[in-house]
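In what follows, a structure is listed as structure tokens, so that the remarks can point back to it.
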Amino acid sequence: MSPIAINPASLSAPSGYSHGTLSGNTLYLGGQTALDKDLRIVPGGIVEQFRQAFANVLTTLREAGGVPEDLVSITIYLTDIPDYQAHGREIGAVWRELAGPVYPAMAGIGCTALWQPEALIEVLGVAVIPDERLAVVS
Numbered sequence: 755m756s757p758i759a760i761n762p763a764s765l766s767a768p769s770g771y772s773h774g775t776l777s778g779n780t781l782y783l784g785g786q787t788a789l790d791k792d793l794r795i796v797p798g799g800i801v802e803q804f805r806q807a808f809a810n811v812l813t814t815l816r817e818a819g820g821v822p823e824d825l826v827s828i829t830i831y832l833t834d835i836p837d838y839q840a841h842g843r844e845i846g847a848v849w850r851e852l853a854g855p856v857y858p859a860m861a862g863i864g865c866t867a868l869w870q871p872e873a874l875i876e877v878l879g880v881a882v883i884p885d886e887r888l889a890v891v892s
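The sequence shown stops at residue 892 when you use the working numbering, and every number in between is there.
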């Protein structure tokens, strides 16, 4: 089976990338920053940027028929690790609100910059979706 691009209509139209790529039952979720539907990074700091970026990842996951429990790995790129750590409880509350109490393998990686200069965070992941929930995507 050839990989299938997953590009939800509710996210910005991708140019030169896919929001997700489905290969068999494995969904590779492309990095998402805190872009809103108007292609602007949401204001409000690291917590609100995490909320938007993670919601964008979950939108792609759901488009393929997945649920948060299908996530097996999440990588978070951060331009300011101490800021993320200082808001860890709030970010954890956002995670539980959006995805529930299940946590996949995770990594947090510091970086000097992201694609959009005002972006503080980028979230990407991998999910394995059971056959019975896998959306038929063309």
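Note that the Cβ used here is the ideal one computed from N, Cα and C, for glycine as well.
With 16 or more other Cβ atoms inside 10 Å of its own Cβ, P822 counts as buried. Between C865 and P855, the alpha-carbon positions lie close to 27 Å from each other.
Under DSSP, G820 takes part in no beta bridge, so it has no partner. Per DSSP, reduced to three states, the secondary structure at Q786 is strand. According to the DSSP assignment, Y831 belongs to the beta strand (DSSP E) that extends over L825 to L832. Distance from A861 to T829 at the Cβ level is roughly 5 Å; contact confirmed, criterion being Cβ atoms closer than 8 Å. According to DSSP, E876 shares a beta bridge with Y831.
For the pair of segments examined, the segment 836–853 was found to touch the segment 787–807: the number of CB pairs separated by less than 8 Å reaches three. In its chain, beyond the 5 residues on either side, S766 have a beta carbon closer than 7 Å to the beta carbon of L793. For a cut-off of 8 Å, the C-beta gap from I795 to E844 is around 18 Å, too long to register as a contact.
I845 carries a helical assignment under DSSP once its states are collapsed to helix, strand and coil. In the structure shown, V801 falls within a helical segment according to DSSP collapsed to helix, strand and coil. Here I760 is bridged, per DSSP, to G774.
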